[in-house]
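I have placed the structure first, in the form of structure tokens, so that the comments after it can refer back to it.
There are 2 protein chains.
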Amino acid sequence: MNIGEIARRAGVSRSTVSYALTGNRPVSEATRRRIQAVIDELDYRPNASARALKEGRTRTLGLVIPPASQRLTDMQLSFVATIVEAAADADFDVLLSPSGDEHDRSFERIVTGRRVDGFILMEIRLDDDRVARLQQRGLPFVTIGRTSEAQDMWWVDIDYAALVSRCVHHLADLGHRHISLVNRSTELVAAGYGPGRRALTGFTDAVAERGIAGVDVCCGDDAPAGEACVERLRTQHPEVTALVTVNEAALPGIQRGLERAGVRVPRDFSVTGVAARHWAEDFRPPMTAAEVPTHDMGAQAVELLLERLSTPSAPPRHVLHTPPVSLRASTGPVPTR
Amino acid sequence: MNIGEIARRAGVSRSTVSYALTGNRPVSEATRRRIQAVIDELDYRPNASARALKEGRTRTLGLVIPPASQRLTDMQLSFVATIVEAAADADFDVLLSPSGDEHDRSFERIVTGRRVDGFILMEIRLDDDRVARLQQRGLPFVTIGRTSEAQDMWWVDIDYAALVSRCVHHLADLGHRHISLVNRSTELVAAGYGPGRRALTGFTDAVAERGIAGVDVCCGDDAPAGEACVERLRTQHPEVTALVTVNEAALPGIQRGLERAGVRVPRDFSVTGVAARHWAEDFRPPMTAAEVPTHDMGAQAVELLLERLSTPSAPPRHVLHTPPVSLRASTGPVPTR
DNA sequence: TTGTAAGCGTTATCAA
DNA sequence: TTGATAACGCTTACAA
Numbered sequence: 001m002n003i004g005e006i007a008r009r010a011g012v013s014r015s016t017v018s019y020a021l022t023g024n025r026p027v028s029e030a031t032r033r034r035i036q037a038v039i040d041e042l043d044y045r046p047n048a049s050a051r052a053l054k055e056g057r058t059r060t061l062g063l064v065i066p067p068a069s070q071r072l073t074d075m076q077l078s079f080v081a082t083i084v085e086a087a088a089d090a091d092f093d094v095l096l097s098p099s100g101d102e103h104d105r106s107f108e109r110i111v112t113g114r115r116v117d118g119f120i121l122m123e124i125r126l127d128d129d130r131v132a133r134l135q136q137r138g139l140p141f142v143t144i145g146r147t148s149e150a151q152d153m154w155w156v157d158i159d160y161a162a163l164v165s166r167c168v169h170h171l172a173d174l175g176h177r178h179i180s181l182v183n184r185s186t187e188l189v190a191a192g193y194g195p196g197r198r199a200l201t202g203f204t205d206a207v208a209e210r211g212i213a214g215v216d217v218c219c220g221d222d223a224p225a226g227e228a229c230v231e232r233l234r235t236q237h238p239e240v241t242a243l244v245t246v247n248e249a250a251l252p253g254i255q256r257g258l259e260r261a262g263v264r265v266p267r268d269f270s271v272t273g274v275a276a277r278h279w280a281e282d283f284r285p286p287m288t289a290a291e292v293p294t295h296d297m298g299a300q301a302v303e304l305l306l307e308r309l310s311t312p313s314a315p316p317r318h319v320l321h322t323p324p325v326s327l328r329a330s331t332g333p334v335p336t337r
Numbered sequence: 001m002n003i004g005e006i007a008r009r010a011g012v013s014r015s016t017v018s019y020a021l022t023g024n025r026p027v028s029e030a031t032r033r034r035i036q037a038v039i040d041e042l043d044y045r046p047n048a049s050a051r052a053l054k055e056g057r058t059r060t061l062g063l064v065i066p067p068a069s070q071r072l073t074d075m076q077l078s079f080v081a082t083i084v085e086a087a088a089d090a091d092f093d094v095l096l097s098p099s100g101d102e103h104d105r106s107f108e109r110i111v112t113g114r115r116v117d118g119f120i121l122m123e124i125r126l127d128d129d130r131v132a133r134l135q136q137r138g139l140p141f142v143t144i145g146r147t148s149e150a151q152d153m154w155w156v157d158i159d160y161a162a163l164v165s166r167c168v169h170h171l172a173d174l175g176h177r178h179i180s181l182v183n184r185s186t187e188l189v190a191a192g193y194g195p196g197r198r199a200l201t202g203f204t205d206a207v208a209e210r211g212i213a214g215v216d217v218c219c220g221d222d223a224p225a226g227e228a229c230v231e232r233l234r235t236q237h238p239e240v241t242a243l244v245t246v247n248e249a250a251l252p253g254i255q256r257g258l259e260r261a262g263v264r265v266p267r268d269f270s271v272t273g274v275a276a277r278h279w280a281e282d283f284r285p286p287m288t289a290a291e292v293p294t295h296d297m298g299a300q301a302v303e304l305l306l307e308r309l310s311t312p313s314a315p316p317r318h319v320l321h322t323p324p325v326s327l328r329a330s331t332g333p334v335p336t337r
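Set out below in structure tokens:
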């Protein structure tokens, strides 16, 4: 069933049906109703491919997701879910593209086949070749996270450096003189993954500023890695009395590691960092932490992209979030020896 | 840039380029190479919308994901990721559709706009209106999970009843006479969510078969709910010495609840059930559990759907997984009073 | 207020 | 082995 069929049954021309559908030209109330009746009866909806071909746009957003091998984190998942919902609210669909070298073909197909009007990229590296690819193709995109040349690009990000710095200052104010940063995995940091790099910068700077000792360690994105990490920390750096983490997936392991070592939080040891709200609240005791507003960020990414699509000449916009550190129960004064 | 441009530059007709591209008609090696050179030079790829319009198929699969409001579980996330990758391997893209009443429009748009060749549905209810909708529209689909009329449909599922039953038998063999089932949330079970319902059936039957006492409780999909659930269980049913759970997201809470009550696992209390491998391994002590093979299931769902697409007349196929219960350290003999 | 007709970029039929 | 041409279903000038 197509627009011609509707036109025939309603006794009008195809163009009239089209105009009634899009509202791009006034249609008399009488014919509009007649057409609508037929449409309702047959449950007709225009063919998306034909419309896309004619209009030169697909009303579809591309979303590149991290590979399945490394389990998606809650944060990533939350981004995906909110992006899809925000897009749906604007009557846009979302086409998923797996990332990773083996799936380059998929990305290329979507980009060069003009299957989408624009892209949202997650898991951005400071130097990201997908970004370069999209720029070269001239396809509009918004990133969650930002590259090192963030000046004239569209993005939404968290100010990891500022957040980690705040956490360090908070701990320093409580008297801690030996603090550790539990970062993301060695591979991610080495690959130039923005949050990992910026967390490190913020940590190093803040620690220097306060004249205290900082030891930064990398940690895999799961519980066992967190546990091992705490163990290592306790033996190799027994002087450390507090940690700042940007690795939420390691939190359960960090907790277990501390428990197994018989370390009480916050009496013997303080824990703080950046994490999604439920991770912070599930920690025992509830964790003093800056909460990543994934929902807002996902929605904003969509909003920015839609703006960019509707106004191609618009100047680059970006949003840098610096959510407050919510005080809970996992940080306290440095223990007196 | 389009196929005409390629044809012009290669000095052939558009149809020849098309045939060289699709291989639907023999093309002389010489011209094929000449065309390929131009294509490589301009990095040309056929317009997906035009191809879809002409061919009547989009090379795209629709995937309906559960609403974001209730946080996606690891299992669901894992399905999404593996489905996207499996589809990419077959050169199919995946279009996401959020489910939930507010997003009906999105689902309808994708279905009636013929944006996809077929659908994969997750979070199936025993009586599911999206299934009914697709059947009515005649769109091919495969479900992860199955409705109550699973006879002549295409699906991949876990035999929750059998798995829970095995767990019960395992516990009964160890001497436990009072066992609890920690099910999914009250709302899900009430809504006729298959796994919840079938888990209950399997539990009730197995308990009856062994002539032991069973108490089934519902539990929200998060840690706090798990903790509250264990608390309730300890006060209202102190006679219970073991639990079977199909609620992996509640596991951290269950663990914490038992710890807080000073209950040692497995000496005082046994824990078993169905969970993704990492949930089972992250439990302390590692949990005796049947592991949901999300990766296999996601890939199979795609495989079934592609088969159904390529052979519309093929008889319905389905795969019911009954993964073994992996013995770990969380189950032991019933404690002697 | 409505209709006619061209064209979006493909693929496939028919001819050569 | 290749080329011309008619669709696919839609939107939108241009006419009436």
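Protein chains in written order, with the UniProt record's numbering: chain A, 1 to 337; chain B, 1 to 337. Glycine included, C-beta positions come from ideal geometry on N, C-alpha and C. Note that the structure is predicted; figures quoted are calculated from it, not measured.
query                                                                                                              : result
Nearest-angstrom Cα separation, counted from A/VAL230 out to B/MET75                                               : 28 Å
Local Cβ density within 10 Å of A/HIS170, reported as buried at 16 or more and exposed below that                  : buried
Host alpha helix (DSSP H) of B/ILE35 (start-end)                                                                   : 29-42
Min CB distance B/ASN24 to chain A below 8 Å                                                                       : no
Cα-Cα separation, A/ARG115 to A/ARG277                                                                             : 35 Å
Cα-Cα separation, B/PRO285 to A/GLU259                                                                             : 14 Å
Inter-residue spacing [alpha-carbon to alpha-carbon] between A/ALA52 and B/CYS167                                  : 53 Å
Coarse secondary structure for A/PRO46, derived from DSSP in three states                                          : coil
Euclidean distance between Cα positions of A/ARG125 and B/ASP296                                                   : 30 Å
Minimum Cβ-Cβ distance from B/LEU306 to chain A less than 8 Å                                                      : no
Cβ of B/PRO252 within 8 Å of any chain A Cβ                                                                        : yes
Neighbour-count burial assignment, B/GLY23, 16 or more Cβ in a 10 Å radius                                         : exposed
Helix, strand or coil at A/ARG59 according to DSSP, with G and I counted as helix                                  : coil
Nearest neighbour of A/LEU174, chosen from A/LEU61, A/ARG267, A/ALA314 and A/SER185 [CA to CA]                     : A/ARG267
Cutoff 8 Å: B/SER330 Cβ touching any chain A Cβ                                                                    : no
B/HIS178, enclosing beta strand (DSSP E) - first and last residue                                                  : 178-182
A/ASP127 and A/GLY202 closer than 8 Å at C-beta                                                                    : no
Interface residues of chain B facing A/GLU5 [CB-CB closer than 8 Å]                                                : Result: empty, since nearest Cβ-Cβ is about 14 Å, beyond 8 Å.
Top-ranked residue by Cα proximity to A/HIS178, from A/VAL271, A/ALA250 and A/PHE107                               : A/VAL271
Boundaries of the beta strand (DSSP E) in which B/LEU243 is found, first to last residue                           : 242-245
Whether A/GLY298 touches A/ILE83 by CB criterion (8 Å)                                                             : yes
contact_flag[the stretch 213-226 of chain A, the stretch 245-259 of chain A] where n(CB pairs < 8 Å) is 3 or more  : yes
Inter-residue Cα distance where the pair is B/ALA132 and B/ALA249                                                  : 30 Å
Contact under 8 Å by Cβ, B/VAL302 with B/VAL244                                                                    : no
Whole beta strand (DSSP E) elements within the UniProt region "Disordered" (313-337) of chain B, 3-residue minimum : 318-321
Beta-carbon gap between B/LEU304 and B/VAL156 smaller than 8 Å                                                     : yes
Status (buried if at least 16 other CB within 10 Å, exposed otherwise) for B/THR288                                : buried
According to DSSP, residues forming a beta bridge with B/TRP155                                                    : B/THR143 and B/HIS318
Contacting residues, own chain, Cβ-Cβ under 7 Å from A/THR186 (five flanking each side not counted)                : CYS218
Whole-angstrom distance between B/ARG137 and A/VAL38, CA atom to CA atom                                           : 18 Å
Proximity to B/ALA172 [Cα-Cα], best of B/LEU95, B/VAL207 and B/ALA161                                              : B/VAL207
Test item: CB-CB of B/ILE144 and B/VAL292 under 8 Å                                                                : no
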